[in-house]
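A quick write-up on the structure given underneath.
Protein chains in written order, with UniProt numbering: chain A, 1 to 185; chain B, 1 to 189.
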């Protein structure tokens with residue numbers, strides 16, 4: 001015999017509610033994968049130069065003096081198409097890619113930004129310097145001479161709920177590293 | 001009230017154990033499928049704000065297949081098959097002298113045929129993580145230090161875990177409540 005009481009009604013209601021919420025979360029999570037938003041960029045990054053010199057940062061590699069590089073670039077990229085109702089943030093970062101004898105793939109973030117709205121995702125920057133404090137650009141072998149790097153804009157889309165997604169634009173031309181000659185003191 | 005028979009009590013306890021062991025088996029299955037000892041972790045600090053807040057649940061994947069370099073895997077393929085750690089991925093790693101794993105973003109990646117080294121940084125931190133490493137470690141190693149790569153996340157649910165840790169009394173209240181519910185609950189005839 002089924003007793004129709006407030007307790008039973010409440011139990012049935014919350015049971016149904018949790019089931020519906022579960023499926024709603026599942027639908028939101030998987031629609032983000034099936035209905036993924038793409039952006040096609042046409043040469044978003046132009047690099048003026050990449051220069052390096054010997055320096056020392058208190059927080060980088062235990063304050064040991066070594067070679068650090070800095071990049072000057074223009075950026076013209078519209079990532080507002082990545083945004084939909086489930087998008088929370090878009091994190092963009094400029095990645096230097098190059099090969100060495102020891103590692104076929106070296107990738108270093110030299111600049112990044114967190115975009116919090118579609119308007120903010122329309123980026124136009126001129127003569128911007130890479131952030132050498134947050135991303136000290138040193139080399140594994142501590143030798144930049146003779147190396148060339150391409151620079152690519154990457155992004156990560158953080159949803160309000162569900163799976164993260166990634167993307168990248170086309171790379172720039174190969175840019176050699178130049179040494180800065182400083183006058184002896 | 002109907003007298004609770006011994007057999008009925010045993011049946012109720014068995015039912016509760018079945019629920020708990022099902023949850024545990026589900027967790028272990030997810031652990032096996034993702035090749036990750038902790039496929040679900042809770043964010044405990046603010047170093048990855050604004051993307052992740054304290055109390056968010058993160059779902060990890062530690063599979064490391066070798067992909068054709070020319071082909072960039074789609075998000076769907078990354079989720080179904082896994083993928084190697086890439087620049088900008090958010091990884092969970094542990095250090096030898098730190099009990100709690102750290103969730104940060106890969107900002108430097110050095111890959112060779114048999115070894116992958118990387119350096120991480122929290123989005124909300126001003127500098128990278130090298131200063132946090134013990135003296136003997138200059139780079140994180142993919143095989144030895146990385147527990148998994150973040151694939152997805154769910155907001156707020158992890159707060160339950162944090163509350164249970166911060167307020168131990170809640171543990172006993174919850175366990176006691178479960179026990180009482182098990183014994184009191186009537187079976188419909």
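Ideal Cβ placement from N, Cα and C applies to all residues, glycine included.
Item: In chain order, what are the residue ranges of uninterrupted beta strand (DSSP E) at least 3 long that sit wholly in the segment 62-135 of chain A?; Value: 66-78, 87-98, 105-115, 122-129
Item: Is residue 108 (chain A) closer than 9 angstroms to residue 87 (chain B) when the C-beta atoms are compared?; Value: yes
Item: Roughly how many angstroms separate the alpha carbons of residue 56 (chain B) and residue 165 (chain B), rounded to a whole number?; Value: 15 angstroms
Item: At a Cβ threshold of 9 angstroms, is residue 146 (chain B) touching chain A?; Value: no
Item: At what residues does the beta strand (DSSP E) containing residue 149 (chain A) begin and finish?; Value: 148-159
Item: With a cut-off of 8 angstroms on the beta carbons, I'd call residue 66 (chain A) and residue 142 (chain A) a contact; round off their distance for me.; Value: 5 angstroms
Item: Given residue 36 (chain B), which residues of its chain have a CB within under 6 angstroms of its CB, disregarding the five upstream and five downstream residues?; Value: 60, 62, 148
Item: How long is the line joining the alpha carbons of residue 28 (chain B) and residue 19 (chain B), rounded to whole angstroms?; Value: 14 angstroms
Item: Does any residue of chain B bring its CB to less than 9 angstroms from the CB of residue 42 (chain A)?; Value: no
Item: For residue 112 (chain A), decide whether its Cβ has a neighbour in chain B, counting only Cβ atoms nearer than 9 angstroms.; Value: yes
Item: Report, in whole angstroms, the separation of the C-beta atoms of residue 105 (chain B) and residue 163 (chain A), which I expect to be a contact under 8 angstroms.; Value: 16 angstroms between Cβ atoms; not a contact.
Item: What residue range is occupied by the uninterrupted beta strand (DSSP E) comprising residue 130 (chain B)?; Value: Careful: residue 130 (chain B) lies outside any beta strand (DSSP E) and carries neither H nor E.
Item: Which residues in the same chain as residue 80 (chain A) place their Cβ atom closer than 8 angstroms to its Cβ, once the five residues preceding and following it in sequence are excluded?; Value: 118, 119, 121, 122
Item: The beta strand (DSSP E) that contains residue 116 (chain B), what's its start and end?; Value: 116-121
Item: Report all residues from its chain with a CB closer than 8 angstroms to the CB of residue 38 (chain B); omit the five preceding and five following residues, and keep chain order.; Value: 31, 60, 92, 101, 147, 148
Item: For residue 134 (chain A), which residues in the same chain have their Cβ closer than 8 angstroms to its Cβ, ignoring the five residues on either side in sequence?; Value: 112
Item: Is the beta carbon of residue 45 (chain A) sitting closer than 9 angstroms to the one on residue 130 (chain A)?; Value: no
Item: DSSP puts residue 137 (chain A) in a beta bridge; with which residues?; Value: A:69
Item: Along the segment 89-122 of chain B, where does the CB come closer than 7 angstroms to a CB of chain A? Name the residues.; Value: 107, 108, 109, 110, 111, 112
Item: In whole angstroms, give me the CA-to-CA distance for residue 93 (chain A) and residue 115 (chain B).; Value: 24 angstroms
Item: To the nearest angstrom, how far is the alpha carbon of residue 108 (chain B) from that of residue 106 (chain A)?; Value: 8 angstroms
Item: Measure from the C-beta of residue 87 (chain B) to each C-beta in chain A and report whether the shortest distance is under 9 angstroms.; Value: yes
Item: How about residue 158 (chain B) and residue 33 (chain B): do their beta carbons lie closer than 9 angstroms?; Value: no
Item: Where do the ends of the beta strand (DSSP E) carrying residue 100 (chain B) lie?; Value: Per DSSP, residue 100 (chain B) belongs to no beta strand (DSSP E) and is neither H nor E.
Item: Please classify residue 9 (chain A): does DSSP put it in a helix, a strand, or coil?; Value: helix
Item: Per DSSP, residue 141 (chain B) forms a beta bridge with which residues?; Value: B:117
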